[in-house]
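Numbering (full-length UniProt numbering), first residue to last: 1 to 245. All C-beta atoms, glycine included, are put in the ideal place defined by N, C-alpha and C. Just so we're clear, the structure is a prediction, and the values are computed from it rather than from any experiment.
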Ligand code: ADP
Ligand code: MG
């Protein structure tokens, strides 16, 4: 069974069909990339998946559960976590405080049985583990707003995975990065894909071909083709429409 299924998603803005019966699925343990030229409908699609936009038609299944009508926070609880294109951190707070808040928000009642000091220590351990996984261990005391761009995006990812998602949505995680920061983000995403399924929206084709198991190409709101990275690379229409070769 697919981990995630989008079925016939339609979103209309007045006369414009921003997503026109879009269907694709993400398999467990896979990184699925969504590509397409500017205005293809990628962000509109991601917003319907995370619950910021309600589709006009179609449905969304996560692990067999119909999440089409769930509000965003309930989708996070169901296992779908999103890293925003616009950074969502508390800029005045340190990296550690941002991580602690995220860990605490998703801990639920799991530390319920512990005494307060023990619970705080457990949260602290989780926050530090999250920092280590995302390459933020050296900047724990830095206010989030003072981090370089690349580290802010790592913090975004750290906050998204604090929810322990089954499916992580990444909307252009490399946007605005130089080559060195992009390479670090590719390494981070490459490590995360071993632990969770990922839906990656990304312009950087080198990164997409390095990371993706499967790729769906969106053009003018429609799926042009879905296939393995090799199938997409060799697809003549994809090369013509998207890669400009
Ligand atoms: P992408 O992320 O692939 O660049 P978008 O999903 O942002 O594409 O946009 C798809 C199309 O829908 C574009 O033509 C865009 O102008 C239009 N669009 C996106 N959001 C809105 C909105 N809220 N109202 C009207 N049109 C919109
Ligand atoms: Mg977009």
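Query                                                                                                                   : Result
Near the ligand ADP: residue 41 beta-carbon under 7 Å from a heavy atom                                                 : yes
Residues that residue 198 bridges to, as DSSP identifies them                                                           : 31 and 168
Residue 22 to residue 49 span [Cα, whole Å]                                                                             : 11 Å
C-beta contact flag for residue 45 and residue 34 at 8 Å                                                                : yes
Start-end ranges of the beta strand (DSSP E) lying completely within the region 45-128, minimum 3 residues              : 57-62 and 80-83
Beta-carbon proximity list for residue 58, same chain, < 6 Å, skipping 5 on both sides                                  : 7, 8, 9 and 10
Bridge-paired residues (DSSP) for residue 222                                                                           : 219
Three-state secondary structure (DSSP) of residue 248                                                                   : Residue 248 lies beyond the stretch modelled for the chain, which goes from 1 to 245, so this question has no answer here.
Residue of 115, 18, 75 and 37 minimising C-alpha distance to residue 241                                                : 37
Own chain partners of residue 81 with C-beta closer than 6 Å, once the 5 adjacent residues on each side are dropped     : 160, 163, 165 and 168
Proximity of residue 20 and residue 221 at Cβ, strictly below 8 Å                                                       : yes
For residue 89 and residue 152, believed in contact at Cβ under 8 Å, the rounded distance                               : 7 Å
Option in 31, 27, 126 and 40 with minimal Cα separation from residue 12                                                 : 40
Close-in-space but distant-in-sequence residues of the same chain around residue 134 (CB under 8 Å, 5 per side omitted) : 154, 155, 157, 158, 161 and 188
Of the residues 145, 223, 205 and 143, the one placed nearest residue 230, counting alpha carbons only                  : 205
Any non-hydrogen atom of the ligand ADP within 7 Å of residue 216 CB                                                    : no
Nearest-angstrom Cα separation, counted from residue 77 out to residue 5                                                : 17 Å
Closest Cα partner of residue 97 within the set 115, 67 and 137                                                         : 137
Cβ-Cβ distance between residue 31 and residue 198 below 8 Å                                                             : yes
Same chain only: Cβ atoms within 8 Å of residue 259, ignoring 5 sequence neighbours per side                            : No statement about residue 259 is possible, as the shown extent of the chain runs from 1 to 245 and does not include it.
Any chain C beta carbon closer than 8 Å to residue 145                                                                  : Reference to chain C is not applicable here, since this structure consists of a single protein chain.
Exposure of residue 177, with buried meaning 16 or more beta-carbon neighbours within 10 Å                              : buried
Reduced DSSP category for residue 149 - H, G, I as helix; E, B as strand; rest coil                                     : helix
Residue 13 CB to nearest heavy atom of the ligand ADP below 7 Å                                                         : yes
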